[in-house]
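Heads up, the thing below is written out as structure tokens.
In this note's numbering, the protein residues as written are 626 to 783.
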């Protein structure tokens, strides 16, 4: 059982997959939802401070390097686009916009992108982390409900 929790913890740390992929995996492995949910949140939030403080610097440093430059430039552009969308839609409500950006489980809108966008927008660390955490909690609730519904429906069919 510990191995299964470790798997969902690690999956929730992976960019683009994050908690949105780990919660359905946990439900598919028949793990209890609440402990799985907590493990996924912890895994998804663990990289956030590192992303906030270091990702921008590393991406800017590597953007002009021969092998990694294209990927790093792509990441910077994605973060800038996410940040611009947040600012355009939010105005003064940037905290709520970041929370919803991270919380609504659409491709490319997770904690990694949200934190990078907050860093690129020069938001303060504390409000960024709180907004991202609340967004991760919201995404976990949405994915948990969706996963339970999908797996429940599949269970009645098969």
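In this text, a Cβ means the ideal position worked out from N, Cα and C, and glycines have one as well.
Answer yes or no: do residue 772 and residue 636 have a C-beta to C-beta separation smaller than 8 Å? no
Residue 663 lies in the alpha helix (DSSP H); which residues open and close that run? First-last of the alpha helix (DSSP H) with residue 663: 658-670.
On the DSSP letters alone, give me the boundaries of the alpha helix (DSSP H) that residue 721 sits inside. 719-728
Is residue 726 buried or exposed, if buried means 16 or more other CB atoms sit within 10 Å of its CB? By the neighbour-count rule (16 or more Cβ atoms within 10 Å), residue 726 is buried.
Same chain, Cβ closer than 8 Å to residue 728, neighbours up to 5 away in sequence not counted: 759, 760, 761, 762, 763, 764, 767
Taking just the CA atoms, how far does residue 677 sit from residue 717? Cα to Cα, the separation comes out at about 21 Å.
Out of 754, 644, 680, 634, state which residue places its alpha-carbon closest to the alpha-carbon of residue 732. 644
Are the segment 662-674 and the segment 738-758 touching by the rule of at least three beta carbon pairs closer than 8 Å? Three or more Cβ pairs closer than 8 Å define a contact, and the segment 662-674 meets that threshold against the segment 738-758.
Secondary structure at residue 598, three-state DSSP: helix, strand or coil? The chain is shown from 626 up to 783; residue 598 falls before or after that span and cannot be answered.
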